[in-house]
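For the sequence shown, this note's numbering puts the final residue at 331, and the numbers step up evenly by one.
Inspection log for the structure reproduced underneath, given as structure tokens.
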Amino acid sequence: MKRFIVKILLFLLPVVALILFVEYSQRNMPNELRYKAEFMKKHASELELIVLGPSYTHRLNLNHIGCKAFNLSYMNQPAERNYQLWKHYRERLPRLKYVVYSLSYWFHQNTIDGLEAWREPFYNIHYSLPVSGLSLEKRFIVANPKIATKMDWGALFTSHDNERPSCDSLGSTPANHRDADWATKSAEFMARRHADIDPENALHNRKMLEKVIAQCEEDSVKVLLVTPPTWHTYYDLLPEKVISMTEELGREMAASHPNVTYINLKGDPRFTEEDFTDCTHLNYDHGGRKMATILRDYITAQNPAGENEARNAIK
Numbered sequence: 017m018k019r020f021i022v023k024i025l026l027f028l029l030p031v032v033a034l035i036l037f038v039e040y041s042q043r044n045m046p047n048e049l050r051y052k053a054e055f056m057k058k059h060a061s062e063l064e065l066i067v068l069g070p071s072y073t074h075r076l077n078l079n080h081i082g083c084k085a086f087n088l089s090y091m092n093q094p095a096e097r098n099y100q101l102w103k104h105y106r107e108r109l110p111r112l113k114y115v116v117y118s119l120s121y122w123f124h125q126n127t128i129d130g131l132e133a134w135r136e137p138f139y140n141i142h143y144s145l146p147v148s149g150l151s152l153e154k155r156f157i158v159a160n161p162k163i164a165t166k167m168d169w170g171a172l173f174t175s176h177d178n179e180r181p182s183c184d185s186l187g188s189t190p191a192n193h194r195d196a197d198w199a200t201k202s203a204e205f206m207a208r209r210h211a212d213i214d215p216e217n218a219l220h221n222r223k224m225l226e227k228v229i230a231q232c233e234e235d236s237v238k239v240l241l242v243t244p245p246t247w248h249t250y251y252d253l254l255p256e257k258v259i260s261m262t263e264e265l266g267r268e269m270a271a272s273h274p275n276v277t278y279i280n281l282k283g284d285p286r287f288t289e290e291d292f293t294d295c296t297h298l299n300y301d302h303g304g305r306k307m308a309t310i311l312r313d314y315i316t317a318q319n320p321a322g323e324n325e326a327r328n329a330i331k
């Protein structure tokens with residue numbers, strides 16, 4: 017019996033070693049969430065503005081926003097995750113004056129267990145955000161089967177010492193490439209997906225947003241609630257109820273909270289073809305820069321002249 021147990025242990029030892037190696041390697045591999053968590057650990061106390069939301073504000077070029085800013089938005093990042101990030105860093109942001117919060121037409125449907133649920137271990141590992149339940153796949157990379165299909169296995173055996181994450185130094189993605197059919201390629205698909213609203217999800221996301229706004233109000237932090245620009249081939253296909261539901265929520269938050277400004281950039285003529293990578297996302301060099309300067313103008317209008325100089329450089 018002892019010999020049998022020893023054989024089992026000898027068999028399991030390399031398997032366990034491999035699992036631990038993969039987990040350790042993936043946790044220490046350069047990625048955007050890890051970079052953002054490390055940045056916030058060093059510089060959160062210096063920041064005057066943070067950005068929350070999914071990919072619609074992910075390409076916001078903060079080099080042109082006129083204050084010390086950092087982008088905590090991320091691909092498909094839902095309202096609950098935005099609230100968790102705000103709650104996590106709230107006490108570490110003594111100089112914070114503004115939160116830019118994306119109120120896109122997908123706001124109502126995007127949930128923590130949706131398309132990007134497989135990223136949950138990374139939020140737990142790098143940000144130490146809470147995980148519901150006892151599920152191992154929400155805590156450990158190797159326990160999440162969906163990660164295995166997306167993992168670059170060859171990268172486990174290469175050096176990453178000088179590798180940078182996909183974001184720039186201020187947390188935004190410098191994406192500019194677009195396909196020839198950028199305006200039509202995914203317009204129908206995205207409009208159809210964003211039209212499918214679950215009332216319970218919509219109510220939950222609204223509550224998460226209200227929590228951020230209320231706590232910002234307590235801290236004398238202003239919220240710039242932004243419906244980001246998209247191309248007309250997308251929003252022309254959206255049901256009117258989705259558009260009105262989103263914009264009414266923005267106006268309601270601004271009317272009921274003195275610290276909220278609602279900025280609706282849908283169909284804004286300042287955004288042209290050169291500003292987009294696809295029908296729902298701005299590019300970094302043109303659209304992301306333009307949106308940042310528009311937000312800067314709102315900020316400047318609310319403050320004494322000269323208070324918002326370009327002070328983005330954080331050392």
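C-beta: ideal position from N, C-alpha, C; glycine also.
Return the CA-CA distance between residue i and residue j, expressed in angstroms with no decimal places.
i	j	result
GLU325	ALA60	Here the model assigns GLU325 a pLDDT of 36, short of 50, so the residue's position is not dependable, and the following value carries that caveat. Near 19 angstroms, if we compare the C-alpha coordinates of ALA60 and GLU325.
MET224	ARG194	33 angstroms
ALA321	ILE315	Note that ALA321 has pLDDT 46, beneath the 50 cutoff, so the model's placement of it is unreliable and no number is given.
ASN79	ALA191	15 angstroms
VAL242	MET56	23 angstroms
PRO274	MET45	43 angstroms
THR309	ARG222	28 angstroms
ALA196	CYS295	12 angstroms
ASP313	GLN125	31 angstroms
ALA329	GLU62	Unreliable placement is indicated for ALA329, whose pLDDT of 34 sits below 50; the coordinate value is still reported in the next sentence. Cα to Cα, ALA329 sits roughly 11 angstroms from GLU62.
PHE292	LEU29	52 angstroms
LEU101	MET307	23 angstroms
LEU112	HIS210	32 angstroms
LYS331	ASP212	In this prediction, LYS331 has a pLDDT of 31, which is less than 50 and means its spatial position is unreliable; what the coordinates show is noted afterwards. Approximately 44 angstroms between the Cα atoms of the pair.
GLY304	PRO245	10 angstroms
HIS74	GLU290	17 angstroms
TYR201	PRO215	Before going on, a small fix: residue 201 reads as Lys here, not Tyr. Each residue's Cα considered, the two are about 29 angstroms apart.
TYR105	ASN77	22 angstroms
ARG19	ASN217	55 angstroms
VAL147	ARG108	21 angstroms
ARG155	ARG97	16 angstroms
PHE123	CYS183	23 angstroms
LEU136	GLN93	According to the sequence displayed, residue 136 carries Glu and not Leu. Rounded to whole angstroms, GLU136 to GLN93 spans 11 angstroms at the Cα level.
HIS220	ARG286	33 angstroms
GLY130	MET206	15 angstroms
LEU281	SER151	40 angstroms
PHE138	PRO110	26 angstroms
For residue i, report the span of its alpha helix (DSSP H) as first-last.
i	result
LEU68	LEU68 -> not in any alpha helix (DSSP H); beta strand (DSSP E) instead, spanning 65-68.
LYS113	LYS113 -> no alpha helix (DSSP H), and no H or E assigned at all.
ASN221	215-234
LYS238	Element bounds for LYS238: not the alpha helix (DSSP H) but the beta strand (DSSP E), 238-243.
LYS57	48-59
TRP198	It is not in any alpha helix (DSSP H) - TRP198 carries neither H nor E in the DSSP assignment.
ASN98	95-105
ALA266	For the record, residue 266 in the displayed sequence is Gly; it is not Ala. Where GLY266 is concerned, the enclosing alpha helix (DSSP H) stretches over 256-272.
PRO137	136-143
ARG209	203-210
TYR72	First-last for TYR72: undefined, no H or E at that position.
THR127	Here THR127 belongs to no alpha helix (DSSP H), and DSSP marks it neither H nor E.
THR249	248-251
Residue i: which of the options sits nearest, CA to CA?
i	options	result
ARG208	ASN275, ALA133, ASP235, GLU256	GLU256
LYS333	ALA133, ASP129, SER71, LEU145	Residue 333 lies beyond the residue range present for the chain, which begins at 17 and ends at 331; the question has no answer from this structure.
LYS84	LEU186, ASP284, HIS74	LEU186
HIS335	ILE279, ASP235, GLU204, TYR278	The question about residue 335 has no answer here: the residues shown for the chain are numbered 17 through 331.
GLN231	LEU78, ARG75, LYS52, TYR99	TYR99
GLU54	GLN125, SER71, PHE86	PHE86
LEU65	ASP291, ALA270, SER236	SER236
ASN140	ASN126, HIS220, ARG50, GLU62	ARG50
GLU263	ASP252, ILE279, PHE287	ILE279
GLU226	GLU268, HIS210, ALA199	GLU268
ASP199	VAL147, LEU219, ASP252	Note on residue identity: the sequence assigns Ala, not Asp, to residue 199. Checking every option, the nearest Cα to that of ALA199 belongs to ASP252.
ALA271	HIS220, LYS154, VAL239, ARG75	VAL239
TYR114	GLY303, VAL67, GLU107	VAL67
HIS297	ALA317, LEU109, SER118	SER118
MET91	LEU254, LEU281, LEU219, ASN47	ASN47
THR127	LEU109, ASP284, PRO70	PRO70
LEU265	TYR143, LYS18, ASN77, SER120	SER120
ILE81	VAL276, LEU311, GLU96	LEU311
GLU233	PRO181, THR277, ASP129, LEU88	THR277
VAL116	LYS58, LEU88, ASP129	LEU88
TYR143	GLY130, ASP129, LYS52	LYS52
SER188	GLY283, PHE138, ASN299	ASN299
In the DSSP assignment, what residue or residues form a beta bridge with residue i?
i	result
TYR278	LEU241
ALA317	Bridge partners of ALA317: none, in fact.
SER118	VAL242
LEU298	PHE292
The beta strand (DSSP E) spanning residue i covers which residue range?
i	result
PHE86	85-87
Under a CB-based cut-off of 9 angstroms, is residue i close to chain B?
i	result
SER182	Absent from the structure: chain B. Only one protein chain is present.
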